[in-house]
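Novice: I have a structure here, written as structure tokens, and I will follow up with some questions on it.
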Amino acid sequence: MNIQWDADTYTSDFAFVHQYGKGVAELIDAPKGSSVLDLGCGNGALSHLLQERGFSVTGLDASTELLAIAKKNYPDLTFLKGDTTDFSLKEPVDVVFSNAVFHWIDENRQPDMLGCVYRALKKNGQFVFEMGGYGNNRLIHETLRRVFGAYGYSYQMPFYFPTVGEYAVLLEKAGFRVVFAAYFDRMTDLKGPEGLKEWIKMFDKTPFSVVKKEEEKEAIMDQAVRQLEKDLFRNGKWYADYVRLRMKAIKE
377 MNIQWDADTY
387 TSDFAFVHQY
397 GKGVAELIDA
407 PKGSSVLDLG
417 CGNGALSHLL
427 QERGFSVTGL
437 DASTELLAIA
447 KKNYPDLTFL
457 KGDTTDFSLK
467 EPVDVVFSNA
477 VFHWIDENRQ
487 PDMLGCVYRA
497 LKKNGQFVFE
507 MGGYGNNRLI
517 HETLRRVFGA
527 YGYSYQMPFY
537 FPTVGEYAVL
547 LEKAGFRVVF
557 AAYFDRMTDL
567 KGPEGLKEWI
577 KMFDKTPFSV
587 VKKEEEKEAI
597 MDQAVRQLEK
607 DLFRNGKWYA
617 DYVRLRMKAI
627 KE
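Numbering (the working numbering), first residue to last: 377 to 628.
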């Protein structure tokens, strides 16, 4: 994952990312005072939520831009810069928590990430997370693939969206025992009249790297948005067709 984030826009216009993360945090049943690593903490909003619930929290993220906001907004928390697929902690923690991060990691790097998580946890430590599941944003990606093709480009899917079974196998191979798994649709409302186009600009930048002309990028986005209107524009509001995979595992 090597994304240059527009951290201010992410924080102001895409707050749903951390707001939905509150439900993921409910899976943590460690006692107050337990140490928690918020892996891929972004702007720190969920790190702060976990602190408010009585945990001792450290956030880790690869984005300098998002970490700057996290440190500014929550100066009493500890935030570290690091790669989710290659990190280590000075001391193991009771819980590793992550929201909306792992689908950004290439499939072949997932075992590296899970190995780091395993080593970062104490024995019987909890690993709680949510990510995009199989079929996540299918309508958006399939439409973009068609429009890219019409313009003579190949659309390269930049995300990894596994099934429950696929990811449970990876967790078990890494040494974890899966104790909870949920796979569900979640149509997610987007902010503003240009909500879907702004979502594409924020979260789906990588495929557009093959399109060199800015006006052509805009034309591709506009055409895709027009085609998606019948499915994703409802009652004056744009939606994204999310599918989520939420899991909890224990370090054996």
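Here a beta-carbon is modelled for each residue, glycine too, at the ideal position from N, C-alpha and C.
1) Going by CA-CA distance only, name the one from 536, 437, 569 and 587 that's closest to residue 611.
2) For the alpha helix (DSSP H) that contains residue 579, what are its first and last residues?
3) Let me know the alpha helix (DSSP H) ranges lying completely inside the stretch 452 to 525, each 4 residues or longer, listed in chain order.
4) Looking only at its chain, what residues have a beta carbon closer than 6 Å to the beta carbon of residue 380, apart from the 5 residues adjacent to it on each side?
5) Mind checking residue 421: buried by the 16 CB within 10 Å criterion, or exposed?
6) Would you tell me roughly how many angstroms separate the C-alpha atoms of residue 625 and residue 458, rounded to the nearest one?
7) Do residue 576 and residue 515 have their beta-carbon atoms positioned less than 9 Å apart in this structure?
8) Rounded to whole angstroms, what's the CA-CA distance from residue 551 to residue 538? Just pull it up for me.
9) What does DSSP give as the partner residue(s) for residue 435 in the beta ladder?
10) Could you check how far apart the C-beta atoms of residue 477 and residue 496 are, in whole angstroms? I think they sit under 8 Å.
11) On the DSSP bridge assignment, give the partners of residue 621 in chain order.
12) Going straight from the alpha carbon of residue 567 to that of residue 489, what length do you get?
13) For residue 535, which of helix, strand or coil comes out of DSSP?
14) Is the stretch 408 to 423 close to the stretch 442 to 449, with three or more CB pairs under 8 Å?
15) How long is the line joining the alpha carbons of residue 451 and residue 408, rounded to whole angstroms?
16) Return the CA-CA distance between residue 546 and residue 558, expressed in angstroms with no decimal places.
Specialist: Straight from the coordinates:
1) Stepping through the sequence shown from its first residue, residue 611 is reached at position 235. When only C-alpha atoms are compared, the closest one is 569.
2) Translated into positions along the sequence shown, residue 579 becomes position 203. Element bounds for residue 579: 571 to 579.
3) 486 to 496
4) As a working note, residue 380 is residue 4 in the sequence shown. Confidence is the limiting factor: at residue 380 the pLDDT is only 49, short of 50, which leaves the residue's position unreliable and the question unanswerable from this model.
5) Within the sequence shown, residue 421 is the residue found at index 45, counting from 1. Buried, because 16 or more other Cβ atoms sit within 10 Å of the Cβ of residue 421.
6) Sequence index remark: in the sequence shown, residue 625 carries index 249 (1-based). Sequence index remark: in the sequence shown, residue 458 carries index 82 (1-based). Computed Cα separation, rounded: 23 Å.
7) Here residue 515 corresponds to residue number 139 of the sequence shown, with the count starting at 1. Here residue 576 corresponds to residue number 200 of the sequence shown, with the count starting at 1. The answer is no: Cβ separation not under 9 Å.
8) The residue you call residue 551 lines up with position 175 of the sequence shown. The residue you call residue 538 lines up with position 162 of the sequence shown. Roughly 19 Å between the two C-alpha positions.
9) If you number the sequence shown from 1, residue 435 lands on position 59. According to DSSP, which records beta bridges pairwise, residue 435 is partnered with 414 and 455.
10) On the sequence shown, residue 477 is found 101 positions in, with the first residue counted as 1. On the sequence shown, residue 496 is found 120 positions in, with the first residue counted as 1. In fact, because the Cβ distance is near 14 Å, the residues do not count as touching under 8 Å.
11) Counting from 1 along the sequence shown, the entry for residue 621 is found at position 245. Bridge partners of residue 621: 507 and 559.
12) Translated into the one-based positions of the sequence shown, residue 567 becomes position 191. Translated into the one-based positions of the sequence shown, residue 489 becomes position 113. The alpha-carbon atoms of residue 567 and residue 489 are separated by roughly 32 Å.
13) The sequence position of residue 535 within the sequence shown is 159, counting from 1. Coil, per DSSP.
14) yes
15) For the purposes of this step, residue 451 is taken as the residue at position 75 of the sequence shown. For the purposes of this step, residue 408 is taken as the residue at position 32 of the sequence shown. Cα to Cα, the separation comes out at about 21 Å.
16) As a working mapping, residue 546 is identified with position 170 in the sequence shown. As a working mapping, residue 558 is identified with position 182 in the sequence shown. Answer to the nearest angstrom: the Cα atoms are 16 Å apart.
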